[in-house]
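This report refers to the structure that appears directly beneath it.
In my numbering, the protein residues as written are 186 to 365.
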């Protein structure tokens, strides 16, 4: 219980740190929240994977979920960056989101696929030594599966919805204001 509490406190501190860094990077308060929405979406995959594989969520599962959050946030940051580039080039927010998904689909799917294929042998491992790592791998593999679909669908849709209504405290780029 003490270790679990420590990991959860560290995870929360990490979330605050991620928000702070992203708010400086994006110069926005809303865009970091859009990126961070992908973390709970990935955790849906973690829970689903443990249920599907018949494992309980354990300490290694929490460690896998923490590592997963970093991977998912990285994919989301790249996608939001490309959306912003397309919007700055004069496209509407919704069109920029669609173009960004089209541009980043292959790189995101390839990086996630190679990560999953690299971890897949551990899922099939039956040795005693591997039993402590399997919950970590389940968290990462199933979390990546769920988050990839959700990052490519939910994040652009959320960005388009919030971007069209405007981010409080942020002025849209001149090109985006001209097309709105």
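Just so it is clear, CB atoms sit at the ideal spot from N, CA and C, and this is done for glycine as well.
Remember, predicted model here, so these are calculated numbers, not experimental data.
Three-state secondary structure assigned by DSSP to residue 277: In the three-state DSSP reduction, residue 277 falls in the coil class, being neither helix nor strand.
- prompt: At a Cβ threshold of 8 Å, is residue 305 touching chain C?
  reply: Absence of chain C from the displayed structure is noted, only one protein chain being present.
Cβ shell of residue 337 (< 6 Å), same chain only, five flanking positions each side left out: 286.
message: Mapping the DSSP letters down to three states, classify residue 246 as helix, strand or coil.
response: DSSP places residue 246 in the helix class (H, G or I) of the three-state scheme.
Exposure of residue 312, with buried meaning 16 or more beta-carbon neighbours within 10 Å: Per the 10 Å Cβ criterion, exposed.
query: Helix, strand or coil: how does DSSP classify residue 313 here?
result: Here residue 313 carries a coil assignment [DSSP, helix/strand/coil].
task: Output the distance between the C-alpha atoms of residue 210 and residue 270, rounded to the nearest integer angstrom.
output: Each residue's alpha carbon lies about 14 Å from the other.
field: Distance, residue 308 Cα to residue 323 Cα
entry: Looking at the two C-alpha atoms, the distance is approximately 7 Å.
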